[in-house]
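Residue 152 in numbering that gives the first Met the number 0 sits at position 153 of the sequence shown; the count goes up by one each step and never skips.
Glycine included, every Cβ here is placed at the ideal spot set by N, Cα and C.
Step one of this worksheet: look at the structure below.
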Amino acid sequence: MPKERSCVLSVAGFDPSGGAGVLADIKTFEQHKVQGMGAVTGLTFQNDSEFEGVKWVDTAEIEKQIEILFRKFKFDFIKIGMIRDLEVLGKITSSRLQAQNPNVIWDPILKASAGFEIHKTIDKKKVIDICSSIYLITPNADEVKILTGENDEVKGAKELSQYCNVLLKGGHSEKNKAKDHLFTTEGKVFPFRPKKISPMGKHGSGCVLSSAITANLANGLSLQRACLRGKDYVTKFIMSNKSLLGHHKI
């Protein structure tokens with residue numbers, strides 16, 4: 000008899016190209032043999048190389064999507080991606096605490112890959128409040144600088160790790176190209192070097208990494224192991240072809 004799959008939820012934007020957001024997360028979840036579900040935060044107008052805008056879903060409607068799923072399914076881990084602002088994120092994380100209290104993985108998408116700026120201002124106190132209530136945040140170098148106000152991404156990541164675990168992605172770092180670092184709340188640091196470095200980029204690679212980690216955690220892996228497996232998965236995704244849309248495969 001097949002093993003019952005863990006349920007995993009993605010709270011993220013809808014990308015018509017399927018390369019990022021909820022659709023990319025669901026594809027990743029399926030490859031990792033977890034039952035993927037989604038709540039949409041915004042309808043984007045984009046393809047794999049152009050981003051023209053987003054129509055945000057009302058906060059109450061996002062919460063309603065989550066509530067009806069929580070009514071029937073048990074989630075130990077949920078992933079949150081593109082969100083309108085920190086106030087909305089705070090409302091979502093606080094409202095879900097009243098229901099099931101799952102571990103939250105936040106992929107802080109502050110700017111679309113095509114350059115569209117999503118968050119224009121950041122309140123550091125709100126960032127700290129949110130990080131204090133979640134399990135893991137997965138920023139790149141630019142994002143961690145914006146979130147903390149630090150000029151050095153490593154210092155910024157260490158600061159955030161006082162409140163939650165931090166996976167600092169190296170793809171946007173001049174010092175640590177493609178080398179990620181996990182900063183834990185216990186003060187430990189684990190580097191993750193890619194087995195291969197590809198010159199090719201992929202639309203939605205950050206979404207794929209965070210959803211792969213979320214799925215690995217739901218499957219019972221330790222945080223360190225989940226990040227390592229997630230890194231391996233996204234490397235295969237990036238190297239799967241020469242287009243901006245990657246292929247999902249274990």
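Chain-order list of residues whose beta-carbon lies under 8 Å from that of residue i (same chain, five-residue window excluded)
{"i": "valine 143", "result": "Glu149, Glu152, Gly155, Ala156, Leu159, Val165, Leu167"}
{"i": "glutamate 86", "result": "Lys125"}
{"i": "leucine 243", "result": "Gly18, Asp47, Ser48, Gly200, Lys201, His202"}
{"i": "serine 204", "result": "Gly170, Val233, Phe236, Ile237, Gly245"}
{"i": "aspartate 179", "result": "Leu166, Leu167, Lys168, Gly169, Pro190, Phe191, Cys226, Lys230"}
Distance, residue j Cα to residue i Cα
{"i": "histidine 171", "j": "cysteine 226", "result": "The pLDDT assigned to histidine 171 is 47, lower than 50, so where the model puts this residue is not dependable; a value taken from the coordinates is nonetheless given after this. Cα-Cα distance, rounded: 18 Å."}
{"i": "serine 3", "j": "lysine 235", "result": "In the sequence under discussion, the amino acid at residue 3 is glutamate, which differs from the serine named in the question. Taking the straight line from one Cα to the other gives about 27 Å."}
{"i": "lysine 230", "j": "lysine 78", "result": "16 Å"}
{"i": "isoleucine 249", "j": "tyrosine 232", "result": "7 Å"}
{"i": "glycine 17", "j": "aspartate 128", "result": "32 Å"}
{"i": "glutamine 99", "j": "valine 33", "result": "18 Å"}
{"i": "methionine 238", "j": "asparagine 46", "result": "20 Å"}
{"i": "serine 9", "j": "glycine 52", "result": "21 Å"}
{"i": "isoleucine 212", "j": "glutamine 30", "result": "12 Å"}
{"i": "valine 21", "j": "lysine 110", "result": "17 Å"}
{"i": "serine 221", "j": "threonine 183", "result": "12 Å"}
Beta-carbon proximity list for residue i, same chain, < 7 Å, skipping 5 on both sides
{"i": "phenylalanine 28", "result": "Val7, Gly35, Ser210, Ala214"}
{"i": "lysine 26", "result": "His247"}
{"i": "isoleucine 82", "result": "Thr40, Leu88"}
Classification of residue i by the beta-carbon crowding that lies within 10 angstroms, buried from 16 upward
{"i": "aspartate 14", "result": "buried"}
{"i": "proline 1", "result": "exposed"}
{"i": "lysine 73", "result": "exposed"}
Cut-off 6 Å between Cβ atoms - residues of its own chain near residue i, not counting five sequence neighbours on either side
{"i": "threonine 137", "result": "Asp106, Leu166, Ser209"}
{"i": "leucine 68", "result": "Met36"}
{"i": "phenylalanine 189", "result": "Leu181, Gln223"}
{"i": "arginine 228", "result": "Asn215"}
{"i": "asparagine 102", "result": "Phe76, Tyr134"}
Test: residue i CB closer than 8 Å to a CB of chain B
{"i": "arginine 224", "result": "Judged by its chain identifiers, the structure shown contains no chain B, having just a single protein chain."}
Item checked: alpha helix (DSSP H) runs contained entirely in the region 121–179, provided each spans 4 or more residues -> 123–130, 140–147, 152–159
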